[in-house]
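Read through the structure below, which is laid out as C-alpha coordinates, and then see the notes.
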Amino acid sequence: MGNHSDGSPNHSGTVATAGQNEVEKFQDPGIPPHRLRLADTDPKAAKRAERQVALLFGISVVGTLIFLVAYFAIDLGDDSSIATIRLQNALLGVGTAFAMLGIGTGIVHWAKALMPDHEVSEERHAIRYEEDRQAAVRIVDDIVEETGIKRRPLIRNTLLGAVALAPLPAVAIFGDLGPRPDDKLAHTMWAPQDGKRKRLTRDPDGTPIKASDVTIGSAFHVIPEGLNELQEGKLNEKAKSVVLLMRLDPASLNPSKGREEWGYNGIVAYSKICTHVGCPVALYEQQTHHLLCPCHQSTFDLTQECKVIFGPASRPLPQLPIAVDDEGYLVATSDFHEPVGPSYWERDSHERSINS
1 MGNHSDGSPN HSGTVATAGQ NEVEKFQDPG IPPHRLRLAD TDPKAAKRAE RQVALLFGIS
61 VVGTLIFLVA YFAIDLGDDS SIATIRLQNA LLGVGTAFAM LGIGTGIVHW AKALMPDHEV
121 SEERHAIRYE EDRQAAVRIV DDIVEETGIK RRPLIRNTLL GAVALAPLPA VAIFGDLGPR
181 PDDKLAHTMW APQDGKRKRL TRDPDGTPIK ASDVTIGSAF HVIPEGLNEL QEGKLNEKAK
241 SVVLLMRLDP ASLNPSKGRE EWGYNGIVAY SKICTHVGCP VALYEQQTHH LLCPCHQSTF
301 DLTQECKVIF GPASRPLPQL PIAVDDEGYL VATSDFHEPV GPSYWERDSH ERSINS
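Numbering follows the UniProt record's numbering, in which position 89 of the sequence shown is assigned residue number 89; successive positions increment by one, without gaps.
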(Lines of atoms letter the chains of each structure in order from A; the text may use other names.)
(Lines give C-alpha, C1' and ligand atoms only; values in the text may rest on other atoms or scores of the structure.)
Protein backbone atom coordinates (compact mmCIF):
# COMPACT_ATOMS: atom_id res chain seq x y z
CA MET A 1 0.00 0.00 0.00
CA GLY A 2 2.97 2.32 0.43
CA ASN A 3 4.18 2.31 -3.17
CA HIS A 4 1.90 4.69 -5.10
CA SER A 5 3.44 6.24 -8.17
CA ASP A 6 1.18 9.33 -8.02
CA GLY A 7 2.17 10.35 -4.49
CA SER A 8 5.56 8.93 -3.70
CA PRO A 9 8.55 11.33 -3.96
CA ASN A 10 10.55 8.49 -5.46
CA HIS A 11 8.39 8.26 -8.53
CA SER A 12 7.36 10.67 -11.24
CA GLY A 13 3.78 11.79 -10.76
CA THR A 14 1.39 14.70 -11.01
CA VAL A 15 0.73 15.34 -7.31
CA ALA A 16 3.17 17.09 -4.98
CA THR A 17 3.57 15.87 -1.40
CA ALA A 18 4.32 17.97 1.66
CA GLY A 19 7.87 19.23 1.61
CA GLN A 20 8.35 18.59 -2.07
CA ASN A 21 9.88 21.69 -3.67
CA GLU A 22 9.07 21.09 -7.29
CA VAL A 23 6.22 19.45 -9.12
CA GLU A 24 7.08 17.63 -12.32
CA LYS A 25 5.40 19.18 -15.33
CA PHE A 26 3.29 17.50 -17.97
CA GLN A 27 5.06 16.89 -21.19
CA ASP A 28 3.76 18.88 -24.16
CA PRO A 29 1.52 16.43 -26.01
CA GLY A 30 1.93 18.44 -29.20
CA ILE A 31 -0.65 19.08 -31.89
CA PRO A 32 -2.69 16.10 -33.06
CA PRO A 33 -2.09 14.91 -36.62
CA HIS A 34 -3.93 16.95 -39.20
CA ARG A 35 -6.86 15.17 -40.82
CA LEU A 36 -7.48 16.11 -44.41
CA ARG A 37 -11.00 16.95 -45.51
CA LEU A 38 -12.60 15.73 -48.71
CA ALA A 39 -12.22 19.17 -50.25
CA ASP A 40 -8.49 19.07 -49.51
CA THR A 41 -7.93 15.93 -51.58
CA ASP A 42 -10.67 16.03 -54.20
CA PRO A 43 -10.82 19.06 -56.54
CA LYS A 44 -14.39 18.16 -57.49
CA ALA A 45 -15.44 18.25 -53.84
CA ALA A 46 -13.73 21.63 -53.42
CA LYS A 47 -15.55 22.98 -56.47
CA ARG A 48 -18.84 21.61 -55.15
CA ALA A 49 -18.28 23.29 -51.78
CA GLU A 50 -17.47 26.54 -53.57
CA ARG A 51 -20.77 26.38 -55.45
CA GLN A 52 -22.61 25.65 -52.20
CA VAL A 53 -21.11 28.73 -50.55
CA ALA A 54 -22.03 30.83 -53.56
CA LEU A 55 -25.57 29.42 -53.45
CA LEU A 56 -25.93 30.45 -49.80
CA PHE A 57 -24.75 33.98 -50.61
CA GLY A 58 -27.22 33.98 -53.49
CA ILE A 59 -30.01 33.02 -51.08
CA SER A 60 -29.06 36.06 -49.00
CA VAL A 61 -29.41 38.25 -52.09
CA VAL A 62 -32.83 36.74 -52.88
CA GLY A 63 -33.94 37.30 -49.28
CA THR A 64 -33.00 40.97 -49.49
CA LEU A 65 -34.88 41.32 -52.77
CA ILE A 66 -37.97 39.69 -51.22
CA PHE A 67 -37.84 42.23 -48.40
CA LEU A 68 -37.55 45.18 -50.76
CA VAL A 69 -40.34 43.95 -53.05
CA ALA A 70 -42.66 43.37 -50.08
CA TYR A 71 -41.81 46.74 -48.59
CA PHE A 72 -42.28 48.84 -51.71
CA ALA A 73 -44.71 46.82 -53.84
CA ILE A 74 -47.38 46.12 -51.22
CA ASP A 75 -49.18 49.39 -50.59
CA LEU A 76 -50.62 49.81 -47.11
CA GLY A 77 -53.20 52.53 -47.51
CA ASP A 78 -55.98 53.57 -45.18
CA ASP A 79 -58.24 50.85 -46.63
CA SER A 80 -55.70 48.02 -46.34
CA SER A 81 -57.11 44.77 -45.03
CA ILE A 82 -55.67 42.70 -42.21
CA ALA A 83 -54.76 40.02 -44.75
CA THR A 84 -52.65 42.49 -46.73
CA ILE A 85 -50.84 43.64 -43.59
CA ARG A 86 -50.18 40.05 -42.55
CA LEU A 87 -48.87 39.20 -46.01
CA GLN A 88 -46.43 42.09 -45.97
CA ASN A 89 -45.25 41.28 -42.45
CA ALA A 90 -44.72 37.64 -43.40
CA LEU A 91 -42.71 38.53 -46.51
CA LEU A 92 -40.64 41.08 -44.61
CA GLY A 93 -39.82 38.50 -41.95
CA VAL A 94 -39.00 35.77 -44.46
CA GLY A 95 -36.87 38.11 -46.55
CA THR A 96 -34.88 39.35 -43.55
CA ALA A 97 -34.38 35.80 -42.26
CA PHE A 98 -33.04 34.51 -45.59
CA ALA A 99 -30.86 37.61 -46.06
CA MET A 100 -29.14 37.19 -42.69
CA LEU A 101 -29.17 33.38 -42.66
CA GLY A 102 -27.64 33.14 -46.12
CA ILE A 103 -24.64 35.29 -45.25
CA GLY A 104 -24.08 33.61 -41.89
CA THR A 105 -24.32 30.00 -43.06
CA GLY A 106 -22.35 30.80 -46.21
CA ILE A 107 -19.41 32.17 -44.24
CA VAL A 108 -19.50 29.24 -41.80
CA HIS A 109 -19.59 26.67 -44.61
CA TRP A 110 -16.79 28.50 -46.43
CA ALA A 111 -14.59 28.37 -43.33
CA LYS A 112 -15.31 24.72 -42.55
CA ALA A 113 -15.02 23.33 -46.07
CA LEU A 114 -12.48 25.48 -47.92
CA MET A 115 -10.36 27.59 -45.59
CA PRO A 116 -7.21 26.00 -44.07
CA ASP A 117 -7.92 24.21 -40.79
CA HIS A 118 -4.40 23.50 -39.57
CA GLU A 119 -3.89 23.94 -35.83
CA VAL A 120 -0.88 26.06 -34.94
CA SER A 121 0.79 27.07 -31.70
CA GLU A 122 2.84 30.18 -31.13
CA GLU A 123 5.16 30.98 -28.27
CA ARG A 124 4.64 34.21 -26.41
CA HIS A 125 7.33 36.74 -27.31
CA ALA A 126 8.48 40.15 -26.21
CA ILE A 127 6.58 43.13 -27.58
CA ARG A 128 8.43 45.03 -30.29
CA TYR A 129 6.42 47.73 -31.99
CA GLU A 130 7.87 47.60 -35.51
CA GLU A 131 8.13 43.85 -35.50
CA ASP A 132 4.55 43.61 -34.25
CA ARG A 133 3.33 45.86 -37.05
CA GLN A 134 5.11 43.79 -39.65
CA ALA A 135 3.82 40.59 -38.07
CA ALA A 136 0.28 41.95 -38.13
CA VAL A 137 0.61 42.78 -41.81
CA ARG A 138 1.87 39.28 -42.51
CA ILE A 139 -1.02 37.80 -40.54
CA VAL A 140 -3.55 39.79 -42.56
CA ASP A 141 -1.88 38.74 -45.78
CA ASP A 142 -1.90 35.12 -44.64
CA ILE A 143 -5.59 35.34 -43.75
CA VAL A 144 -6.48 36.75 -47.16
CA GLU A 145 -4.41 34.06 -48.83
CA GLU A 146 -5.85 31.26 -46.73
CA THR A 147 -9.45 32.28 -47.41
CA GLY A 148 -8.78 31.71 -51.08
CA ILE A 149 -10.88 34.74 -51.95
CA LYS A 150 -8.41 35.81 -54.65
CA ARG A 151 -8.59 32.53 -56.52
CA ARG A 152 -12.31 31.90 -55.93
CA PRO A 153 -14.08 34.75 -57.78
CA LEU A 154 -17.47 33.05 -57.56
CA ILE A 155 -17.45 33.20 -53.76
CA ARG A 156 -15.96 36.70 -53.76
CA ASN A 157 -18.55 38.15 -56.12
CA THR A 158 -21.57 36.56 -54.45
CA LEU A 159 -20.30 37.63 -51.02
CA LEU A 160 -19.86 41.21 -52.20
CA GLY A 161 -23.37 41.19 -53.67
CA ALA A 162 -24.92 39.80 -50.49
CA VAL A 163 -23.05 42.24 -48.24
CA ALA A 164 -23.93 45.20 -50.49
CA LEU A 165 -27.65 44.40 -50.46
CA ALA A 166 -27.97 43.31 -46.83
CA PRO A 167 -28.14 46.88 -45.35
CA LEU A 168 -30.93 47.97 -47.73
CA PRO A 169 -33.79 46.66 -45.55
CA ALA A 170 -32.49 48.70 -42.63
CA VAL A 171 -32.24 51.79 -44.84
CA ALA A 172 -35.84 51.26 -45.97
CA ILE A 173 -37.05 50.90 -42.38
CA PHE A 174 -35.21 54.06 -41.30
CA GLY A 175 -36.91 55.90 -44.15
CA ASP A 176 -40.26 55.09 -42.54
CA LEU A 177 -39.36 57.14 -39.49
CA GLY A 178 -40.64 60.16 -41.38
CA PRO A 179 -39.50 63.79 -41.32
CA ARG A 180 -38.05 65.53 -38.27
CA PRO A 181 -40.73 66.61 -35.79
CA ASP A 182 -39.15 70.09 -35.45
CA ASP A 183 -41.38 72.00 -33.00
CA LYS A 184 -44.53 69.90 -33.47
CA LEU A 185 -44.02 68.28 -30.07
CA ALA A 186 -44.16 71.70 -28.43
CA HIS A 187 -47.59 72.74 -29.76
CA THR A 188 -51.09 71.29 -29.45
CA MET A 189 -54.59 72.01 -30.76
CA TRP A 190 -55.35 74.19 -27.73
CA ALA A 191 -53.72 77.24 -29.30
CA PRO A 192 -56.35 79.79 -30.43
CA GLN A 193 -57.06 79.60 -34.18
CA ASP A 194 -57.65 82.86 -36.07
CA GLY A 195 -58.17 84.60 -32.74
CA LYS A 196 -60.89 82.13 -31.66
CA ARG A 197 -60.37 80.26 -28.43
CA LYS A 198 -60.93 76.51 -28.36
CA ARG A 199 -63.71 75.17 -26.13
CA LEU A 200 -63.11 72.31 -23.73
CA THR A 201 -65.18 69.31 -24.85
CA ARG A 202 -65.87 65.89 -23.37
CA ASP A 203 -63.81 62.92 -24.48
CA PRO A 204 -64.82 61.12 -26.67
CA ASP A 205 -68.09 62.67 -27.92
CA GLY A 206 -66.84 66.27 -28.19
CA THR A 207 -69.68 67.90 -26.22
CA PRO A 208 -68.73 71.40 -24.96
CA ILE A 209 -68.45 71.79 -21.19
CA LYS A 210 -69.97 74.66 -19.24
CA ALA A 211 -68.47 75.87 -15.99
CA SER A 212 -71.76 75.05 -14.28
CA ASP A 213 -71.37 71.39 -15.32
CA VAL A 214 -68.22 71.01 -13.24
CA THR A 215 -69.01 70.43 -9.59
CA ILE A 216 -66.55 70.25 -6.71
CA GLY A 217 -64.93 66.81 -6.66
CA SER A 218 -65.81 65.98 -10.27
CA ALA A 219 -63.31 65.16 -12.99
CA PHE A 220 -63.73 65.37 -16.77
CA HIS A 221 -61.63 63.83 -19.51
CA VAL A 222 -61.30 66.60 -22.06
CA ILE A 223 -60.28 67.08 -25.70
CA PRO A 224 -60.08 70.33 -27.67
CA GLU A 225 -62.93 71.51 -29.85
CA GLY A 226 -62.60 70.28 -33.44
CA LEU A 227 -60.44 67.25 -32.68
CA ASN A 228 -63.10 64.74 -33.76
CA GLU A 229 -63.45 66.49 -37.13
CA LEU A 230 -59.81 65.94 -38.09
CA GLN A 231 -59.27 63.68 -41.10
CA GLU A 232 -55.54 63.12 -40.66
CA GLY A 233 -53.30 62.98 -37.60
CA LYS A 234 -56.20 62.71 -35.16
CA LEU A 235 -54.50 60.22 -32.85
CA ASN A 236 -51.26 62.20 -32.78
CA GLU A 237 -53.07 65.40 -31.88
CA LYS A 238 -55.15 63.66 -29.23
CA ALA A 239 -52.01 62.14 -27.71
CA LYS A 240 -50.74 65.65 -27.02
CA SER A 241 -53.99 67.45 -26.19
CA VAL A 242 -55.94 65.26 -23.75
CA VAL A 243 -56.64 67.07 -20.48
CA LEU A 244 -58.08 66.38 -17.05
CA LEU A 245 -60.53 68.99 -15.79
CA MET A 246 -61.37 69.22 -12.07
CA ARG A 247 -63.01 71.60 -9.63
CA LEU A 248 -61.75 72.20 -6.10
CA ASP A 249 -62.50 74.66 -3.36
CA PRO A 250 -60.66 77.79 -4.55
CA ALA A 251 -59.19 78.18 -1.05
CA SER A 252 -57.31 74.87 -1.41
CA LEU A 253 -55.46 75.98 -4.55
CA ASN A 254 -52.05 77.62 -4.32
CA PRO A 255 -51.33 79.22 -7.70
CA SER A 256 -47.87 80.61 -8.28
CA LYS A 257 -47.21 84.15 -9.39
CA GLY A 258 -48.51 84.72 -12.89
CA ARG A 259 -50.91 81.78 -12.78
CA GLU A 260 -53.64 83.33 -10.66
CA GLU A 261 -55.94 83.64 -13.71
CA TRP A 262 -55.21 80.21 -15.23
CA GLY A 263 -58.27 78.67 -13.57
CA TYR A 264 -61.87 79.72 -13.07
CA ASN A 265 -63.56 79.66 -9.66
CA GLY A 266 -61.64 76.55 -8.56
CA ILE A 267 -61.78 74.82 -11.98
CA VAL A 268 -58.33 73.85 -13.27
CA ALA A 269 -57.12 71.84 -16.24
CA TYR A 270 -53.91 69.84 -16.51
CA SER A 271 -52.36 67.66 -19.19
CA LYS A 272 -53.37 64.03 -18.89
CA ILE A 273 -49.99 62.83 -20.22
CA CYS A 274 -47.59 61.73 -17.49
CA THR A 275 -44.21 63.44 -17.62
CA HIS A 276 -42.43 60.14 -16.94
CA VAL A 277 -43.04 58.00 -20.04
CA GLY A 278 -46.31 59.40 -21.37
CA CYS A 279 -48.92 57.12 -19.78
CA PRO A 280 -52.42 58.58 -19.24
CA VAL A 281 -52.89 60.01 -15.75
CA ALA A 282 -56.48 58.90 -15.27
CA LEU A 283 -56.92 58.32 -11.53
CA TYR A 284 -58.15 61.19 -9.34
CA GLU A 285 -58.37 60.90 -5.56
CA GLN A 286 -61.06 63.34 -4.54
CA GLN A 287 -60.19 63.41 -0.82
CA THR A 288 -56.46 64.01 -1.21
CA HIS A 289 -56.63 65.90 -4.54
CA HIS A 290 -53.96 63.62 -5.95
CA LEU A 291 -53.64 62.52 -9.57
CA LEU A 292 -52.08 59.09 -10.05
CA CYS A 293 -50.42 57.50 -13.06
CA PRO A 294 -51.32 53.77 -13.14
CA CYS A 295 -48.15 52.75 -15.01
CA HIS A 296 -45.42 53.61 -12.51
CA GLN A 297 -47.39 55.21 -9.67
CA SER A 298 -46.21 58.77 -10.19
CA THR A 299 -48.40 60.99 -8.00
CA PHE A 300 -49.17 64.68 -8.58
CA ASP A 301 -50.64 67.10 -6.04
CA LEU A 302 -53.43 69.12 -7.64
CA THR A 303 -53.34 71.76 -4.89
CA GLN A 304 -49.66 72.50 -5.68
CA GLU A 305 -50.00 72.89 -9.47
CA CYS A 306 -49.58 69.12 -9.96
CA LYS A 307 -46.19 68.98 -8.31
CA VAL A 308 -44.66 65.48 -8.22
CA ILE A 309 -44.92 64.07 -4.69
CA PHE A 310 -44.16 60.43 -5.46
CA GLY A 311 -42.83 58.24 -8.25
CA PRO A 312 -40.35 58.54 -11.10
CA ALA A 313 -41.87 61.54 -12.92
CA SER A 314 -39.38 64.40 -13.03
CA ARG A 315 -41.62 67.46 -13.45
CA PRO A 316 -45.21 68.61 -12.80
CA LEU A 317 -48.04 68.12 -15.28
CA PRO A 318 -48.35 71.14 -17.60
CA GLN A 319 -51.33 73.35 -16.80
CA LEU A 320 -53.75 74.56 -19.48
CA PRO A 321 -54.90 78.17 -18.90
CA ILE A 322 -58.71 78.32 -19.07
CA ALA A 323 -61.52 80.88 -18.83
CA VAL A 324 -65.26 81.13 -19.55
CA ASP A 325 -66.71 82.61 -22.76
CA ASP A 326 -69.86 84.73 -23.09
CA GLU A 327 -72.05 81.61 -23.26
CA GLY A 328 -70.65 80.09 -20.10
CA TYR A 329 -68.52 77.45 -21.84
CA LEU A 330 -65.00 76.72 -20.70
CA VAL A 331 -62.31 77.73 -23.22
CA ALA A 332 -58.52 77.57 -23.35
CA THR A 333 -56.98 81.03 -23.30
CA SER A 334 -53.75 79.74 -24.84
CA ASP A 335 -51.77 76.62 -25.57
CA PHE A 336 -49.71 74.91 -22.87
CA HIS A 337 -46.76 77.04 -21.81
CA GLU A 338 -44.44 74.02 -21.95
CA PRO A 339 -44.29 70.83 -24.03
CA VAL A 340 -46.49 68.04 -22.69
CA GLY A 341 -45.45 64.48 -21.93
CA PRO A 342 -42.04 63.05 -21.12
CA SER A 343 -38.80 64.91 -21.58
CA TYR A 344 -36.98 64.79 -24.90
CA TRP A 345 -33.76 66.27 -26.25
CA GLU A 346 -35.20 69.63 -27.41
CA ARG A 347 -37.83 70.20 -24.75
CA ASP A 348 -35.96 73.00 -22.97
CA SER A 349 -35.40 75.00 -26.15
CA HIS A 350 -39.04 74.50 -27.18
CA GLU A 351 -40.19 75.69 -23.76
CA ARG A 352 -38.10 78.85 -24.07
CA SER A 353 -39.50 79.54 -27.54
CA ILE A 354 -43.09 79.08 -26.32
CA ASN A 355 -42.64 81.52 -23.46
CA SER A 356 -40.62 84.09 -25.41
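Think of the CB as a built atom: it goes at the ideal place given N, C-alpha and C, for glycine as much as any other residue.
Bear in mind that the values here come from a model prediction, so they are computed numbers and not experimental data.
Starting from the Cα of residue i, find the closest Cα among the options and give me that residue.
i    : options                   : result
D28  : S121, L65, T84 and V144   : S121
P294 : G311, K234, Q286 and Q304 : G311
R197 : R352, S343, S334 and I354 : S334
L91  : P116, G63, E285 and V331  : G63
P250 : G258, K257, I267 and L87  : I267
V324 : I209, K112 and N89        : I209
R156 : H296, E229, D348 and Q52  : Q52
G195 : S353, T299, H221 and V331 : V331
P32  : N89, H118, G104 and D79   : H118
Is the beta carbon of residue i less than 8 Å from the beta carbon of residue j?
i           : j    : result
Q319        : C306 : yes
L154        : E237 : no
residue 357 : N265 : Lying outside 1 to 356, the shown extent of the chain, residue 357 is not represented and no answer is given.
Y329        : R199 : yes
M246        : L302 : yes
H350        : A313 : no
I322        : G263 : yes
G102        : S60  : yes
T158        : A54  : yes
H289        : S252 : yes
A162        : F57  : yes
L248        : V281 : no
Y344        : L185 : yes
R37         : A111 : no
DSSP state of residue i, grouped into three classes?
i    : result
V242 : coil
Y344 : coil
E50  : helix
E260 : coil
S271 : strand
H290 : strand
D6   : Here D6 scores only 45 on pLDDT, less than 50, and its place in the model is too uncertain to base an answer on.
F336 : coil
I85  : helix
A282 : coil
D221 : The sequence shown places His at residue 221, not Asp. Correct three-state label for H221: strand.
C295 : coil
P312 : coil
R197 : coil
P208 : strand
K184 : helix
D40  : helix
Any idea if residue i is buried or exposed, counting beta-carbon neighbours within 10 angstroms, 16 or more meaning buried?
i    : result
E260 : exposed
P181 : exposed
K234 : exposed
I216 : exposed
E338 : buried
G341 : buried
S212 : exposed
F174 : exposed
V108 : exposed
V144 : exposed
V140 : exposed
G106 : buried
S218 : exposed
Give a single yes or no on whether residue i has its beta carbon closer than 7 Å to a heavy atom of the ligand MG.
i   : result
F98 : Absence of the ligand MG is noted for the structure shown, with no ligands found whatsoever.
Are at least three pairs of beta-carbons, each pair with one atom in the segment 72 to 83 and one in the segment 147 to 167, less than 8 Å apart?
no
Are the segment 47 to 67 and the segment 148 to 168 in contact at 8 Å, needing three or more beta carbon pairs?
As far as the Cβ criterion goes, the segment 47 to 67 touches the segment 148 to 168, which means the pair count is three or higher.
State whether the segment 233 to 245 contacts the segment 263 to 280, with contact taken as three or more CB pairs (one from each stretch) at a distance under 8 Å.
yes
Is it true that the segment 38 to 45 meets the segment 95 to 102, where meeting means three or more beta-carbon pairs spaced less than 8 Å apart?
no
Assess contact between the segment 184 to 196 and the segment 214 to 227, defined as three or more Cβ pairs (one per stretch) separated by less than 8 Å. Is contact present?
Contact holds: three or more Cβ-Cβ distances are below 8 Å.
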